[in-house]
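Quick note: the sequence shown uses the working numbering, first residue 3, plus one each step.
Every residue, glycine too, gets a C-beta built ideally from N, C-alpha and C.
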Amino acid sequence: TGVADGYARVARRPAMVLMRGPGLAHAAPNLHHARRAYSSVVSVVGDHATTQPAGDARGAAPLEAIAAAVSGWHATTQSVADAGWDLIDAVGAARSGRCPATLVVPVDVQEAEAEELPVVLAERVRRAPVGEDRVVDCARRIFSAGRVVLLVGGDALRAEALPYLERLGRRPGVRCYAEA
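Structure below.
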């Protein structure tokens with residue numbers, strides 16, 4: 003998950019990891035950092051069968067609770083008919099929300115025979131570009147204010163944006179702080 007987080011940050015596209023249930027607990031610190039960095043990491047997590055009584059399985063983990071803590075989007079696939087659509091939703095959520103997405107897939111769903119799986123390409127979701135008029139308006143406000151603090155994060159911390167931040171930070175009364 004740490005490597006997937008790094009890949010998603012550098013490549014600016016979702017990275018996927020596969021793991022079994024307890025592995026999600028081990029991955030939680032890395033997914034926490036991925037969430038803080040708005041990384042598009044998709045975790046597909048294997049779970050016990052849907053027919054297994056709650057709390058009855060040896061080695062069972064509270065996957066929904068862990069997924070909720072480290073993901074911006076999470077779900078559990080309930081049937082083989084939903085599996086493909088749920089995965090498309092997970093990738094779409096990771097792309098559009100720029101956050102980790104976790105899909106839990108029970109073993110009986112993994113092993114089920116599919117009648118026919120439709121081939122669907124998820125539409126690539128991109129953030130709408132910021133209009134030039136909005137940038138000019140922000141610049142006017144910054145330059146007319148006496149003292150300004152800019153809290154900077156996400157794509158604004160990418161290498162191509164740093165020279166602009168440096169120029170802004172050199173202006174009298176302007177302080178730039180990066181999110182941790």
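Nonlocal neighbours in the same chain, by C-beta distance under 6 Å from threonine 3, ignoring five residues either side: Val19, Ala29, Asn32 and Leu33
Buried or exposed by the 16-neighbour rule on C-beta atoms within 10 Å, applied to serine 81: exposed
Environment of cysteine 140 [buried if 16+ CB atoms lie within 10 Å]: exposed
8 Å contact criterion, which valine 111 and alanine 85 should meet: CB distance rounded: 6 Å
Bridge-paired residues (DSSP) for serine 45: Val19 and Thr104
Best match in Gly155, Ser146, Val154 and Ala6 for proximity to alanine 36 [C-alpha to C-alpha]: Ala6
Selected residue, minimal CA-CA separation from valine 106, among Gly94, Ala51 and Glu168: Ala51
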